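Read through the structure below, which is laid out as structure tokens, and then see the notes.
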Amino acid sequence: DGEVEAACAKAAEVEEASRRPAMLAGFAREARLRHARGAQAQIDAEVERLRAGWVHVHVAEWGVARARTHGWWDNYTYSKALAEALLATEAGDVHVAIVRPSGITSALRDPEPGWTDAYLLTEPLIEGVGRKRITEFPGMPGCVIDTIPVDLVVNVCIAAGSRLLQARGRPEALPRVYQVATGDTNPLTLGEIEKIWRGHFAERPFKQEGSGAPITGLRQVTFWEDADAFAAKLRGRYVRPLQLVQRAVEILPYWEHAGVLRRARGFAVKQWRTVEKVLRLAKLYSSYTLNEWRFETSNTRAMMEALSEEDQGRFPFRPQSIDWRDFWSDVHIPGMRRHVLGEADELCLPQSRL
Numbered sequence: 014d015g016e017v018e019a020a021c022a023k024a025a026e027v028e029e030a031s032r033r034p035a036m037l038a039g040f041a042r043e044a045r046l047r048h049a050r051g052a053q054a055q056i057d058a059e060v061e062r063l064r065a066g067w068v069h070v071h072v073a074e075w076g077v078a079r080a081r082t083h084g085w086w087d088n089y090t091y092s093k094a095l096a097e098a099l100l101a102t103e104a105g106d107v108h109v110a111i112v113r114p115s116g117i118t119s120a121l122r123d124p125e126p127g128w129t130d131a132y133l134l135t136e137p138l139i140e141g142v143g144r145k146r147i148t149e150f151p152g153m154p155g156c157v158i159d160t161i162p163v164d165l166v167v168n169v170c171i172a173a174g175s176r177l178l179q180a181r182g183r184p185e186a187l188p189r190v191y192q193v194a195t196g197d198t199n200p201l202t203l204g205e206i207e208k209i210w211r212g213h214f215a216e217r218p219f220k221q222e223g224s225g226a227p228i229t230g231l232r233q234v235t236f237w238e239d240a241d242a243f244a245a246k247l248r249g250r251y252v253r254p255l256q257l258v259q260r261a262v263e264i265l266p267y268w269e270h271a272g273v274l275r276r277a278r279g280f281a282v283k284q285w286r287t288v289e290k291v292l293r294l295a296k297l298y299s300s301y302t303l304n305e306w307r308f309e310t311s312n313t314r315a316m317m318e319a320l321s322e323e324d325q326g327r328f329p330f331r332p333q334s335i336d337w338r339d340f341w342s343d344v345h346i347p348g349m350r351r352h353v354l355g356e357a358d359e360l361c362l363p364q365s366r367l
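Mind the numbering: the sequence shown is residues 14 to 367 in the numbering used here, read in order.
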């Protein structure tokens, strides 16, 4: 209860701060610079978008800091731990199962290969590599990166729920835990996955914004074993010089009315914000790319193998048979580009089963 109250209080505090006159004036100024010839409704919408984005970033940063004070790497894993603790203490006589997936990706088969509606885990990294925004990143090429297709997670949830129903009326021990992962039966390393991603974009590159020219010449990502050194280098090489350009333009009289200066300032702001986004991704993911986590799935595999032959066909769980090169290059990335990024990429998407 204390953690929930603290989170709600912080969210309210940040929301209030975002609506202070000085903050709103700053958002309005930036909105007018971005839409110099836009209608007032467009500017108002941009102000709200900037304000909401500022709130999201600051609440998320507080959540990460809060989680780390309790020994967890980020607010995502910490919130999961709190939920499990709540179940264990409050379930009483109710039978409970806990399903713990690793990094969830798009569907392997159902409802169609590559189906996804999220831009959360691997998607920002994939797009960053494909658009040449991520050329360096904290990580060790030999680390196993554990991911699992979403339909396999759903199949385990259905089987676990069915098992709970069958156990009604019988004594049950502590909540049963079913980990849903691939690292213990079909491991894939960071170096291997990065090579597969680059191979996809070598054949089917992203297009440059504006010109529509293909983004080519992707080079192997350089991995850093020290996340702090990586962040310091990027800030020194890109963020601070670009911010200096921004400030230099802003001290010139009437720069808002000079198209060349306004564009120079806009370019600098856009570039350093892109680098800051990479730095946020690095801070969030470096725990997983610099450490090797293995999840034991024997309990899950035993449950799924105990299903009838018919149910095993309807709710398959065979992560050991996934061809990772095919999955990433011909299933997940095309699905992400079609369903999340809105690209007309149907020619490289596997045929739907529906």
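For glycine and all other residues, C-beta sits at the position ideal for the given N, C-alpha and C. Just so it is clear, the structure is predicted and the values come from calculations on it, not from any experiment.
Three-state secondary structure assigned by DSSP to residue i
i, result
"residue 149", "strand"
"residue 346", "helix"
"residue 5", "Residue 5 falls outside the range modelled here, since the chain spans only 14 to 367, and no answer is possible."
"residue 157", "strand"
"residue 34", "helix"
"residue 171", "helix"
"residue 202", "strand"
"residue 340", "helix"
"residue 40", "helix"
"residue 368", "The requested residue 368 is not part of the displayed model; the chain covers only 14 to 367."
"residue 276", "helix"
"residue 197", "coil"
"residue 139", "helix"
"residue 56", "helix"
"residue 356", "coil"
"residue 267", "coil"
"residue 321", "coil"
Residues bridged to residue i (per DSSP)
i, result
"residue 110", "189"
"residue 209", "Bridge partners of residue 209: none, in fact."
"residue 235", "149"
"residue 220", "227"
Cα-Cα separation between residue i and residue j, rounded to whole angstroms
i, j, result
"residue 136", "residue 350", "9 Å"
"residue 159", "residue 33", "43 Å"
"residue 125", "residue 93", "28 Å"
"residue 276", "residue 287", "16 Å"
"residue 271", "residue 254", "22 Å"
"residue 304", "residue 174", "32 Å"
"residue 39", "residue 279", "15 Å"
"residue 20", "residue 87", "14 Å"
"residue 228", "residue 36", "37 Å"
"residue 89", "residue 298", "12 Å"
"residue 354", "residue 292", "22 Å"
"residue 30", "residue 130", "32 Å"
"residue 110", "residue 337", "29 Å"
"residue 242", "residue 139", "23 Å"
"residue 320", "residue 177", "14 Å"
"residue 49", "residue 273", "14 Å"
"residue 108", "residue 99", "14 Å"
Own chain residues within Cβ distance below 6 Å of residue i, not counting five before or after
i, result
"residue 26", "none"
"residue 163", "117 and 120"
"residue 114", "161, 166 and 193"
"residue 259", "278, 281 and 282"
"residue 244", "292"
"residue 200", "157"
"residue 356", "350"
Cutoff 7 Å; reference residue i; Cβ partners in own chain excluding five residues on either side
i, result
"residue 329", "168"
"residue 154", "202, 203, 204 and 236"
"residue 10", "No answer is possible for residue 10: the residues shown for the chain start at 14 and end at 367."
"residue 68", "27, 28 and 31"
"residue 83", "91"
"residue 59", "44, 47 and 48"
Cβ shell of residue i (< 8 Å), same chain only, five flanking positions each side left out
i, result
"residue 85", "91 and 94"
"residue 142", "207, 210, 211, 214, 231 and 234"
"residue 220", "226, 227 and 228"
"residue 104", "188"
| Within the segment 290-319, ranges of the alpha helix (DSSP H) (whole runs, at least 4 residues) | 311-318
| message | As an exercise, report each continuous alpha helix (DSSP H) stretch of at least 4 residues that is fully enclosed by the segment 65-133, in chain order. | response | 88-103
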